[in-house]
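Beneath this line is the structure, given in structure tokens, with notes to follow.
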Amino acid sequence: MDDVSFEVARGEIVGLLGPNGAGKTTTMRILTCFFPATAGRVTIAGFDVFTQSMEVRRRIGYMPENVPLYPEMRVDEYLRFRAQLKGVRGRNIRRRVQEVKELCGLEDVGRRIIGQLSKGYRQRTGLAEALVHDPELLILDEPTIGLDPNQIRQVRGLIRELAQRHTILLSSHILPEVEMTCRRVLILKAGRIVASDTPENLHARLEGRARVIVELRGPSEEAGARLRGLAGVQGVQVENAGGEWVRFTMECARDRDVRAEVFTAAASAGWTLRELRAEATSLEDVFVSLTRGEGGAS
């Protein structure tokens with residue numbers, strides 16, 4: 229890690245992104261007191277991670293990418309055990325276990341053995357464990373990995389619901405999930421933060437470019453040359469779209485909408501036009517641009 233500095237405010241959902249090896253897992257392990265840093269200072273809820281680690285641990289819930297469950301235990305038994313380890317006492321244990329089961333959709337599997345649960349229910353059990361002591365900060369590493377689309381949607385809704393009571397730091401490789409869930413995004417590259425902003429503002433960083441997708445039936449070399457010659461076109465990528473159809477991805481100046489000119493060019497040349505649309509910039513575009521060193525400041 230190299231001079232990484234950021235803040236997460238109470239009630240925020242913040243996404244932590246970066247290519248493999250960028251430092252996401254190291255950052256999370258430092259925040260959760262699993263891994264000591266060689267320099268710098270980290271505080272959570274006003275407590276120092278290095279000198280007051282027990283106070284920090286009481287205030288965080290952590291669900292790592294590979295959830296460390298006990299497969300031979302039943303869900304209820306496991307959650308009660310983890311609640312005791314995390315300092316929940318007396319009648320509060322039963323109350324908190326019931327609350328997190330309801331919150332995470334585990335009411336019907338409380339008596340089930342964890343090793344016999346589906347991947348989705350195991351993820352839910354790991355999330356319930358992270359929440360059982362009602363932490364102020366919830367740190368989630370790839371919370372939807374291995375889930376099917378329906379389960380991903382359910383977990384996404386649950387994370388949004390949790391944000392009403394908890395601060396959430398979320399790491400994921402599924403960028404559309406981050407874009408739909410997080411209010412702010414941190415992007416790491418080689419141990420440094422190269423961006424920290426809302427998804428909307430990060431999109432605006434690529435405002436110098438727009439993308440137009442064209443599919444037509446015609447000579448690819450001639451059509452490509454014609455499209456490259458249009459004013460405001462900065463580059464054109466060509467690929468086969470099946471049979472005689474050719475797909476062109478046009479990078480254009482943001483203030484130039486070339487679609488009318490593309491239509492006119494295709495009509496005058498007698499090419500059959502199957503698709504013509506402007507493509508919105510995604511968080512994936514921003515991520516690729518920043519992590520490949522194509523631009524962007526923190």
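Under the numbering used here, think of the first position of the sequence shown as 229, with each following residue one higher.
From the three backbone atoms N, C-alpha and C, an ideal C-beta is built for every residue, glycine too.
Note that the structure is a prediction, hence the values are computed from the model and not measured.
Kindly indicate which three-state DSSP category residue i falls into: helix, strand or coil?
i: Gly274; result: coil
i: Phe309; result: helix
i: Tyr349; result: helix
i: Asp209; result: Limits of the chain in this structure are 229 at one end and 526 at the other, which puts residue 209 out of reach.
i: Gly243; result: strand
i: Glu443; result: strand
i: Ala506; result: strand
i: Ser448; result: helix
i: Thr254; result: helix
Go ahead and label residue i buried or exposed: buried means 16 or more other beta carbons lie within 10 angstroms of its beta carbon, across all protein chains shown.
i: Thr492; result: exposed
i: Asp369; result: buried
i: Gly354; result: buried
i: Gly523; result: For Gly523, the predicted model reports a pLDDT of 41, less than 50, meaning its position is unreliable; a value from the coordinates is still stated below. Gly523 comes out exposed.
i: Tyr306; result: buried
i: Val328; result: buried
i: Arg285; result: buried
i: Val464; result: buried
Alpha carbon to alpha carbon, how far is residue i from residue j?
i: Gly289; j: Val406; result: 19 Å
i: Arg506; j: Val461; result: According to the sequence displayed, residue 506 carries Ala and not Arg. Their backbone Cα atoms lie some 13 Å apart in a straight line.
i: Arg454; j: Arg520; result: 30 Å
i: Pro296; j: Leu365; result: 19 Å
i: Ser424; j: Leu331; result: 30 Å
Would you kindly report the start and end of the unbroken beta strand (DSSP E) that includes residue i?
i: Ser399; result: 395-399
i: Met478; result: 473-481
i: Asn468; result: 461-468
i: Gly374; result: Segment: none, Gly374 is in no beta strand (DSSP E) and carries neither H nor E.
i: Asp425; result: 420-425
Quick check on the DSSP output: the alpha helix (DSSP H) that includes residue i runs from which residue to which?
i: Met408; result: 403-409
i: Leu414; result: Leu414 -> not in any alpha helix (DSSP H); beta strand (DSSP E) instead, spanning 412-417.
i: Arg487; result: 487-497
So residue i and residue j are supposed to be a Cβ contact under 8 Å. How far apart are they, rounded?
i: Val440; j: Arg475; result: Not confirmed; about 11 Å, so no contact.
i: Leu518; j: Val422; result: 5 Å
i: Arg310; j: Val236; result: At roughly 24 Å, the Cβ-Cβ gap does not stay under 8 Å, so Arg310 and Val236 are not in contact.
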